Amino acid sequence: MSRPQPKFTVAICGAAIGGFSLAAFLSEYSDSQHPVNVDIYESRPEVSTRGAGIGIWKRSWQLLQNLGLDKELDRRGVPHPKDGEARGPVFRKSDQEAEGYEFHSHVMPYGPLTLTRPLLLELLQSKLSADCTVHTNTHLVRYEDHAGGRITLYFKDGTISEADVLVGADGVHSATRAVFFDNLALADPSKADVYRRCIPPRWSGQFVYRTLIPVEKLRNVNPRHIALSDRPQIFCGKSKHALTNPTGEVLNFVMFHTVFEECHDYDGEYITELSKDEVAKAVEGWEPAVQELIKVSDTYTRWAVHVIDPIPLSVHGRVALLGDAAHAMLSHQGVGGGQAIEDAHILGRLLAHQAITKENTPNALKIYQELRLKASQKAAERSKENGMMYEFIHPDFAFDSRKGEPTRDQLTRLGQAIGDSFQWLAVGGCDEDWTMAENMLKNGSTL
Ligand SMILES: Cc1cc2nc3c(=O)[nH]c(=O)nc-3n(C[C@H](O)[C@H](O)[C@H](O)COP(=O)(O)OP(=O)(O)OC[C@H]3O[C@@H](n4cnc5c(N)ncnc54)[C@H](O)[C@@H]3O)c2cc1C
């Protein structure tokens, strides 16, 4: 039997959390008699098989359940996240020479699921229908959006392809975003400066220092070290905070260092190797537990964390930006991947909807922009605010040990604010967002 004629073709640039989530939602919600044809283009030779754990909060968990991924986890023996309270990280005041102390024991309102990135990508790929094709080694360089409706895609190796809709899910350095805002700048020279500023990612003003600490080595330095407990620790101090996360025989160590509180231009290396002495210098005068941690590992990498300043549009004609390509953010709430999944849910269901045809795809894209752009930018803002709270530079909790130590009472209030900041992630609400999207589609309210 011949396969049904697809209603149109969506090209997705980027085969990671955002791109695969979109393909999975298109597969799940398309009408089998009028499927959406999906081509996923990935610049790497293969889908990434690397990456640490990624926390999935209740909002995105509900969406993964809608895709049936709860059953895939059962098959792999991975326990589901728990509704109800779970013990989270412990926050310590650490930027003084005396021993630090706990000021907030985080009880999470919902026990998030942590999956390794390769497993999450494998689960999403398991949901792709026969109408989805993954093309690796295909690096998008540019595209042309023709007035008649077709989009031509040009790849680094000289190959060319076509689609009816293009979704840039190609991350913080998105090539799609570059062409998207360049086209807007050419179309409206009066706003050319604003649009062109949206093209390059910007340095967040933060560096992150990373290493893996062998548990055995830390035990030799101090068998009672606080980081050897079974809970993640967050060592807080002025303009810096370090996290340790126990993962079996190694501790994942990450330390953020805020140099500027606003985004800045940056012309240095994105990733550099650092010695432990250089990292130790950054935490001079901090409590002994931090000094001991730094001593254990010999090499560190330092990453200049880049983000996207809030963009005014994520949709232009038949082209949309999704995930980090639209809103790469700081990681202090662990929600960037979840936001990519939420984008994919709304856009995927809209494009799959029976009311959307090849001719009116821009309507679906406009509703997607209306519902998702501001919401994801709000999530980015919250993540940034959390980092400022952890580093005592939030306007409501701006402590400076040089001018006097914060009181226990002030730190307790800070702990409560940190606890409250995670509440929105525990209540769900993505299905309600879809109801809103469908109503907008039916009523033509934003069109
Ligand atoms: C330290 C850290 C911790 C984090 N923790 C969490 C967490 O706990 N929970 C959470 O939800 N989020 C977390 N995040 C954020 C999350 O990792 C990202 O938001 C998410 O991975 C973005 O997915 P994406 O698919 O949009 O982009 P990416 O993962 O960047 O994928 C883009 C893909 O596009 C491909 N590509 C790029 N350019 C091209 C091109 N020109 N042509 C073709 N392909 C191209 C790339 O190779 C890549 O495969 C964390 C981030 C960091 C840095």
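The working numbering numbers the first residue of the sequence shown as 9 and each following residue consecutively. Using N, Cα and C, we set each Cβ at its ideal position, and we do this for glycine too. A quick note: this is a predicted structure, and the numbers were derived from the prediction, not measured.
Open item on the list: At the 8 Å Cβ level, is I302 part of the contact set with chain C, yes or no?
Closed with: Absent here is chain C; the protein component of the structure consists of one chain.
Task: Bridge-paired residues (DSSP) for D39 - done: H42
TODO: Reducing DSSP to helix, strand and coil, say where R67 ends up.
DONE: helix
- [ ] Compare the beta carbon distance of Q241 and R150 with 8 Å and say whether it is the shorter of the two.
- [x] no
- [ ] Over the uninterrupted beta strand (DSSP E) stretch that includes D91, give me the two end residues.
- [x] K90 to K101
TODO: Confirm the yes/no value for this check: CB of L136, any heavy atom of ligand 1, distance under 7 Å.
DONE: no
Open item on the list: Using CA atoms only, rank isn't needed, just tell me which of P12, K79 and T17 is closest to E456.
Closed with: Look at the range of the chain in this structure, 9 to 455, and you will see that residue 456 is not part of it.
TODO: Give a yes or no on contact between the stretch 314 to 324 and the stretch 286 to 298, applying the rule of three or more CB pairs nearer than 8 Å.
DONE: no
Task: For V44 and K15, believed in contact at Cβ under 8 Å, the rounded distance - done: 6 Å
- [ ] Could you please give the first and the last residue of the uninterrupted beta strand (DSSP E) stretch that includes K289?
- [x] From DSSP, K289 is part of no beta strand (DSSP E) but of the alpha helix (DSSP H) over K284 to A290.
- [ ] Excluding the 5 residues preceding and the 5 following T144 in the sequence, name in chain order all residues of the same chain whose CB lies nearer than 6 Å to its CB.
- [x] E50, P53 and E54
Open item on the list: Whether or not the stretch 320 to 328 and the stretch 219 to 226 are in contact is what I'm after, with contact meaning three or more pairs of Cβ atoms, one per stretch, closer than 8 Å; do they touch?
Closed with: no
Open item on the list: Does P231 pass the burial test, meaning 16 or more other C-beta atoms within 10 Å, or should it be called exposed?
Closed with: exposed
Task: Short Cβ contact (8 Å threshold) for V304 with V229 - done: Closer than 8 Å, so yes.
TODO: Could you tell me whether the Cβ atoms of L71 and C438 are closer together than 8 Å?
DONE: Contact flag set, yes.
Task: Range of the contiguous beta strand (DSSP E) that encloses T365 - done: Annotation for T365: no beta strand (DSSP E) segment contains it, and DSSP assigns it neither H nor E.
TODO: Tell me whether Y429 counts as near ligand 1, meaning its Cβ is closer than 7 Å to at least one heavy atom of that ligand.
DONE: For clarity, residue 429 is Ser in the given sequence; the question names Tyr instead. No.
Task: Residue environment, S87, which counts as buried when at least 16 other CB atoms sit within 10 Å - done: Looking at the sequence provided, one finds Pro at residue 87 rather than Ser. Under this definition P87 is an exposed residue.
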